[in-house]
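Q: Residue numbering for the sequence shown follows the working numbering, beginning at 396 and increasing consecutively. We treat Cβ as the ideally placed atom computed from N, Cα and C, and that holds for glycine.
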Amino acid sequence: MTRPTRLARYGFADNGARATDLLGPQGLRLWDTEAQAPVDEQAAGLLEALSKAADPNLALRQLHRIVESVERRGDDPGELLGALADDHGLRRRLLAVLGASSTLGDLLVANPGEWLTLATGTSGGPPDADGGLADFTELTVPALRTAYRISLLRIAAADLTGGRGLEPTMAALSRLADETLAAAYAIAVAALPESVAEPRLAVVAMGKCGGNELNYVSDVDVIFVAASDEDLSAGTTIAARIIEIGGQVAWPVDAALRPEGSRGPLVRTLASHQAYYRRWARTWEFQALLKARPAAGDLALAQEWIADLAPLVWHAAERPEAVADVRDMRRKIIDNVPKKELDREIKRGPGGLRDIEFAVQLLQLVHGRVDETLRGGGTLPALRALVTGGYVGREDGETLLRGYRFLRGVEHRLQLQNLRRTHTVPDDPDGLRWLAAALGYTAVPGRDAVEAFRSDWVGHAANVRRLHVKLLYRPLLEAVARVPAEELRMTPESARRRLEILGFADPAAALRHLEALTGGVTRTSAIQRTLLPMLLQDFADAPEPDRGLLNYRQVSDKLGSTPWYLRLLRDGGPVARRLARVLSLSRYATDLLTRDPEALRLLAEDSELQPRPRETLLDGFAAAGDRHTDPVNAIGAVRALRRRELFRLASADILSHGGDLAPDRPLEVDAIGVALSDVTDATLNAALRIARRAKPGPAGLRFAVIGMGRLGGYEMSYPSDADVLFVYEPPAGCPEGEASAAAHAIAEEMRRLLNAPAPDPALGVDADLRPEGRQGPLVRSLQAYRQYYDRWSKVWEAQALLRARFVCGDVELGQRFEALADRMRYPSGGLTREQVVEIRRIKARVETERLPRGADPNTHTKLGRGGLADVEWAVQLTQLRYAHELPGLRRTRTLEALSEAAGAGLVSEPDAAEMAAGWTLAAQVRNALTLVRGRPTDQLPRHGVELAGAVLLLGGGDPGEFVDRYLRLTRRSRAAMERVLES
396 MTRPTRLARY GFADNGARAT DLLGPQGLRL WDTEAQAPVD EQAAGLLEAL SKAADPNLAL
456 RQLHRIVESV ERRGDDPGEL LGALADDHGL RRRLLAVLGA SSTLGDLLVA NPGEWLTLAT
516 GTSGGPPDAD GGLADFTELT VPALRTAYRI SLLRIAAADL TGGRGLEPTM AALSRLADET
576 LAAAYAIAVA ALPESVAEPR LAVVAMGKCG GNELNYVSDV DVIFVAASDE DLSAGTTIAA
636 RIIEIGGQVA WPVDAALRPE GSRGPLVRTL ASHQAYYRRW ARTWEFQALL KARPAAGDLA
696 LAQEWIADLA PLVWHAAERP EAVADVRDMR RKIIDNVPKK ELDREIKRGP GGLRDIEFAV
756 QLLQLVHGRV DETLRGGGTL PALRALVTGG YVGREDGETL LRGYRFLRGV EHRLQLQNLR
816 RTHTVPDDPD GLRWLAAALG YTAVPGRDAV EAFRSDWVGH AANVRRLHVK LLYRPLLEAV
876 ARVPAEELRM TPESARRRLE ILGFADPAAA LRHLEALTGG VTRTSAIQRT LLPMLLQDFA
936 DAPEPDRGLL NYRQVSDKLG STPWYLRLLR DGGPVARRLA RVLSLSRYAT DLLTRDPEAL
996 RLLAEDSELQ PRPRETLLDG FAAAGDRHTD PVNAIGAVRA LRRRELFRLA SADILSHGGD
1056 LAPDRPLEVD AIGVALSDVT DATLNAALRI ARRAKPGPAG LRFAVIGMGR LGGYEMSYPS
1116 DADVLFVYEP PAGCPEGEAS AAAHAIAEEM RRLLNAPAPD PALGVDADLR PEGRQGPLVR
1176 SLQAYRQYYD RWSKVWEAQA LLRARFVCGD VELGQRFEAL ADRMRYPSGG LTREQVVEIR
1236 RIKARVETER LPRGADPNTH TKLGRGGLAD VEWAVQLTQL RYAHELPGLR RTRTLEALSE
1296 AAGAGLVSEP DAAEMAAGWT LAAQVRNALT LVRGRPTDQL PRHGVELAGA VLLLGGGDPG
1356 EFVDRYLRLT RRSRAAMERV LES
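So this is what it looks like as structure tokens:
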């Protein structure tokens, strides 16, 4: 009784039961069934080689069939087995083919003498496998079929035995296609009647064949080109015969990529092609032409055709719809994959070969207009050129190269198995085991070969899909594609001319900046050459293009040597164009960025352009200060965080009206006010913690900071100081003088730390709204505040307290101060007639005395007519009069209180709407002017670049019309305010 389990060690299925029959005395006589061992050393070597095949059972079965076929022909099978024993190279090649491809095995069974074509040559090298037709001398279809089959066999053997990589295999298959087409062309020409002259006909390779990346089983895409009308008739006959011969010999010859596809004529003249592509061709047709190359027939004519169409190809990306067309085509391909196969499709599915090809081809179309190194037809050479030119990052490029090689390797093994066109990974266990083995996977402890294959496949597919989305949907592509090719070339003369056209005031200086940024042959320079033509247009859209370019150079000089900077601009979605808008429109944001260049990363994600939650800010700022024992270092860390948050908010503000550059949730002026107030709260809280460590004072001393003014109302603007009151409460038994001095030291330390000279913007701490103003003590105890407000408080102080709120420090003390403030700001019974008159009188005096000399009251956003102060005074008077009986009015924010007043009928709805519109516009203009100028101002100019910049920040339009709109809205706001004050 046999023991088949011994053969199982060689990888044979069924415990080697079937293999025993094929190898034993009734089969190949290589296995001693009694001894359960190979009959000799040569048999042992053959068994060892069989065990290394992708499917040892298949390899053995096919070998046995070949031997039987040899015997049926009356030949000696010993010659084959002896050759396998003596020629190790033959043994390795033949058994690898038999174990990987049942169809090639079947062909060898049908043609048993062809195994000799895999024998080692007399020089000791393997047979030629570069794709040349083997021993093709007779111009007949059968001879061509035999020559093609032998060449394909040699290519597969070289591929399977690790003698070459993916690219030589693809090149060999493409060359084999070329030579087969050329042979078919010769056969077709030879069959022409003697009366018909040979036409000038070119066969142009397209698709994978054109890109020298053909796989084992694929249609061979071609386009037929005739030189003239006289060549059309005979040329069409030859073209039809080539298609027929191709199907008989090797694969379908597909001419569907020709103009008008299958509905168009099979052969067109050079002139007809030119007319079609110039007038009717769609984006995908130009995309297909990227891979065009001469294959057979009149090669000079083919090259002329390619050169003739090249200018059209390299301007196709400038079509408005071009980038969107390529993206839509990729989506349609995915949509057409059957859902049950989508996850197993390595070509058309997400994360498949088409993802890589479409990304590479779109980048070629966009950037190849001026960079001729990108005009290669093959995917891998083009991808390497994109990496070399800086259009794709090195790491991303290497990831795509690995993914492409892996996926094409899987495709080749799948197609070799049955020489059938397939791109679908099997889902049955046996099929997966075979595929994993064919790809060289072996079991390791804890993981079998199939699991190892699946892990690699999932990883490659995920990376390919991620990078496909990153590259194909890069906003930079549309921006670069919109720039004409002539402007992308950036020669000194063309650059100077374009700078003048774009409105640069000093083209010579701008040109020097460009030369500094793009000079040299480094990747940095190459990336800048890609970015700048597109960025120049964005700079030109600003009132001062020169300043935008200068700012960009300064940022680039600071960050150019960091590995992530230009990579972020190139790959980071809208970052490059967002940066251009920020740098060209805002001195304020530019100053923040030059002090903290790494903040540029915030522009990459919409989520980073949203205000951070208040609690997050409080905790983060406090932790930053707590990490340092030295007060100077501690406040430095806090101020650096504040600077980062100010840049975040300023950038979000600048981009909110930037069209397609805007974050998904644009910020309005009220949200900016709240966010700036939260940042100030966090800064004051961290500064107070630092100050208390530096000036601890007596144990148990309570201290709190009360927000006033715009800080208290959550209406901070970029230039706003922090209006505050300082309150303390001495511990029991502590002398009042000691407690007061300690509290005063804490407050002064806070002010000193926040106002100290530093690279970061200072935060002014203004305590002028305290009792007695600047003449009064900086800090008071809660009891002292109570005594003052009970005895001496004036109505304007009650008005100031309307915005009072606890900011930081001792929570319980802050709440008691708010309760004290409630008694003053919401007086029982409201205001007396005399108090109302007093408020009106103070308002009138403020208008005449506090408006700066020379200021235009019609366009002063803070104190001007219908501006911020007008609306706030009207709302605050209403609160003082009625909040004691209407709790809804007890709000520190102006627009919230105004809405409540309108809801309660205290202010008419139209007046409330007019005042809200005036206040909002004035607040927007005040912020915009600060962003543009880089320093505070309340005066809206009537003309000039600052007005133009502010208008662009607020949505664009004609500056004169914007001023007219401002005057119209504030005039209505003023009238509404007067009605409220006089009611």
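Does DSSP put Cys1129 in a helix, a strand or coil?
A: What you label residue 1129 is simply residue 734 of the sequence shown in a count that begins at 1. It is coil, neither helix nor strand.
Q: Please report the distance separating the alpha-carbon of Met396 from that of Ala553.
A: The residue given as residue 396 occupies position 1 in the sequence shown. The residue given as residue 553 occupies position 158 in the sequence shown. Annotation note: pLDDT 39 at Met396 (below 50); position unreliable, no value reported.
Q: Hey, how far is the Cα of Gly841 from the Cα of Glu806?
A: In the sequence shown, the residue the question calls residue 841 occupies position 446. In the sequence shown, the residue the question calls residue 806 occupies position 411. Using only the alpha carbons, I get a separation of about 27 Å.
Q: Which value, in whole angstroms, describes the spacing of the CA atoms of Ala1089 and His1023?
A: Locating residue 1089 in the sequence shown gives position 694, where the first residue counts as 1. Locating residue 1023 in the sequence shown gives position 628, where the first residue counts as 1. Using only the alpha carbons, I get a separation of about 12 Å.
Q: Please determine if the segment 922 to 930 and the segment 959 to 976 are in contact, where contact requires at least 3 C-beta pairs separated by less than 8 Å.
A: yes
Q: Hey, out of Ala572, Arg488, Pro594 and Ala1162, whose CA is closest to Ser623's CA?
A: Mapped onto the sequence shown, residue 623 falls at position 228. When each option's Cα is compared against that of Ser623, the closest is Pro594.
Q: Going straight from the alpha carbon of Asp843 to that of Ala448, what length do you get?
A: By one-based count along the sequence shown, residue 843 stands at place 448. By one-based count along the sequence shown, residue 448 stands at place 53. C-alpha separation (whole angstroms): 17 Å.
Q: Buried or exposed: which applies to Ser1176, given that a residue is buried once 16 or more other Cβ atoms fall within 10 Å of its Cβ?
A: Taking the first residue of the sequence shown as position 1, residue 1176 is located at position 781. That one is buried.
Q: What separation, rounded to the nearest whole angstrom, lies between the Cα atoms of Leu547 and Pro507?
A: On the sequence shown, position 152 is the one that residue 547 refers to. On the sequence shown, position 112 is the one that residue 507 refers to. If I take the Cα positions, the gap works out to 16 Å.
Q: Cα-Cα, which of Leu499, Gly1092 and Gln1334 is closest to Glu1124?
A: Here the question's residue 1124 lines up with position 729 in the sequence shown. The residue with the shortest Cα to Cα distance from Glu1124 is Gly1092.
Q: Quick one: Cα of Gly915 to Cα of Pro647, how far?
A: In the sequence shown, counting from the first residue as 1, residue 915 sits at position 520. In the sequence shown, counting from the first residue as 1, residue 647 sits at position 252. If you take the alpha carbons of Gly915 and Pro647, they lie about 49 Å apart.
Q: Is DSSP giving Arg1367 helix, strand or coil here?
A: Residue 1367 sits at position 972 when you count from the first residue of the sequence shown. Note: Arg1367 maps to helix in three-state DSSP.
Q: Compute the Euclidean distance between the alpha carbons of Pro399 and Ser464, then round it to the nearest angstrom.
A: In the sequence shown, the residue the question calls residue 399 occupies position 4. In the sequence shown, the residue the question calls residue 464 occupies position 69. In this prediction, Pro399 has a pLDDT of 47, which is less than 50 and means its spatial position is unreliable; nothing more can be read from the coordinates.
Q: Kindly identify the DSSP beta-bridge partner or partners of Trp336.
A: Coverage of the chain is limited to positions 396 through 1378, which leaves residue 336 absent and any answer about it impossible.
Q: Take Arg1330 as the anchor and find which of Asp720, Arg1236 and Asp986 has the nearest alpha-carbon.
A: Along the sequence shown, one-based indexing puts residue 1330 at 935. Ranking the options by Cα distance to Arg1330, first place goes to Asp986.
Q: When DSSP labels each residue in this structure, what does Pro647 get in the three-state scheme?
A: Position 252 of the sequence shown, counted from the first residue, corresponds to residue 647. In the structure shown, Pro647 sits in coil (DSSP, three-state: anything other than H, G, I, E or B).
Q: Could you tell me the distance, in whole angstroms, from the CA atom of Ala621 to the CA atom of Thr535?
A: Start at 1 with the first residue of the sequence shown, and residue 621 comes out as number 226. Start at 1 with the first residue of the sequence shown, and residue 535 comes out as number 140. Rounded to whole angstroms, Ala621 to Thr535 spans 25 Å at the Cα level.
Q: At 3 residues or longer, and completely inside the segment 609 to 661: list those beta strand (DSSP E) runs for me, N to C.
A: 615 to 621
Q: I need the straight-line Cα distance from Gly487 to Leu499, nearest angstrom please.
A: In the sequence shown, residue 487 corresponds to position 92, counting from 1. In the sequence shown, residue 499 corresponds to position 104, counting from 1. According to the sequence shown, residue 487 is Arg rather than Gly. The straight-line gap from Cα to Cα measures roughly 15 Å.
Q: Locate the beta strand (DSSP E) running through Tyr1123, then write down its first and last residues.
A: Counting from 1 along the sequence shown, the entry for residue 1123 is found at position 728. Tyr1123 -> beta strand (DSSP E) spans Ala1117 to Glu1124.
Q: To which residues of the same chain is Val782 closer than 7 Å at the C-beta, ignoring the five residues directly before and after it?
A: Within the sequence shown, residue 782 is the residue found at index 387, counting from 1. Contacts found: Arg789 and Gly792.
Q: Looking at the unbroken alpha helix (DSSP H) that takes in Leu1164, where does it start and where does it end?
A: Counting from 1 along the sequence shown, the entry for residue 1164 is found at position 769. That residue, Leu1164, is in no alpha helix (DSSP H); it is neither H nor E in DSSP.
Q: I'd like the list of long-range same chain contacts for Leu1036, defined as Cβ closer than 6 Å, with 5 residues on each side in sequence excluded.
A: The residue you call residue 1036 lines up with position 641 of the sequence shown. Hits under 6 Å: Phe1016 and Ala1019.
Q: Put Glu1377 into one of helix, strand or coil per three-state DSSP.
A: Reading the sequence shown from its first residue, position 982 is the one you call residue 1377. Glu1377: helix per DSSP, three-state reduction.
Q: By the 10 Å Cβ neighbour count, where 16 or more other Cβ atoms means buried, how is Glu993 classified, buried or exposed?
A: Numbered from 1 along the sequence shown, position 598 holds the residue referred to as residue 993. That one is exposed.
Q: Buried or exposed for Trp1187, going by 16 or more other Cβ atoms inside 10 Å?
A: The sequence position of residue 1187 within the sequence shown is 792, counting from 1. When all chains shown are included, Trp1187 counts as exposed.
Q: What three-state label does DSSP hand Gly1104 in the structure shown?
A: One-based indexing of the sequence shown puts residue 1104 at position 709. Gly1104: helix per DSSP, three-state reduction.
Q: When you compare the CB positions of Arg816 and Asp614, do they come within less than 9 Å of one another, or not?
A: Position 421 of the sequence shown, counted from the first residue, corresponds to residue 816. Position 219 of the sequence shown, counted from the first residue, corresponds to residue 614. Cβ atoms of Arg816 and Asp614: closer than 9 Å.
Q: Could you have a look at Thr664 and say whether DSSP puts it in helix, strand or coil?
A: In the sequence shown, the residue the question calls residue 664 occupies position 269. Residue state, collapsed to three classes: strand.
Q: Which complete alpha helix (DSSP H) runs does the segment 971 to 1039 hold, if anything under 4 residues is left out?
A: Scanning the segment 971 to 1039 from its first residue to its last, the whole alpha helix (DSSP H) runs of 4-plus residues come out as 982 to 990 and 1009 to 1021.
Q: Nearest to Asp901 by CA position, among Met1111, Leu945 and Leu1284, is which residue?
A: Reading the sequence shown from its first residue, position 506 is the one you call residue 901. For Asp901, the nearest C-alpha among the options comes from Leu945.
Q: Looking at Leu748: is its Cβ nearer than 9 Å to the Cβ of Tyr671?
A: Position 353 of the sequence shown, counted from the start, is the residue given in the question as residue 748. Position 276 of the sequence shown, counted from the start, is the residue given in the question as residue 671. Contact: no.
Q: Please return the same chain residues whose Cβ sits closer than 7 Å to the Cβ of Glu1304, not counting the five positions on each side in sequence.
A: Position 909 of the sequence shown, counting from 1, holds the residue named residue 1304. Once the five neighbours on either side are set aside, the close Cβ partners of Glu1304 are Ala1297.
Q: Expressed to the nearest angstrom, what Euclidean distance is found between the alpha-carbon atoms of Leu475 and Val598?
A: Residue mapping note: residue 475 aligns to position 80 of the sequence shown, counting from 1. Residue mapping note: residue 598 aligns to position 203 of the sequence shown, counting from 1. Between Leu475 and Val598, the C-alpha separation is close to 41 Å.
Q: Is it right to say Leu830 is buried, meaning 16 or more other beta carbons lie within 10 angstroms of its own, or is it exposed?
A: Position 435 of the sequence shown, counted from the first residue, corresponds to residue 830. Its Cβ being crowded by 16 or more others within 10 Å, Leu830 is buried.
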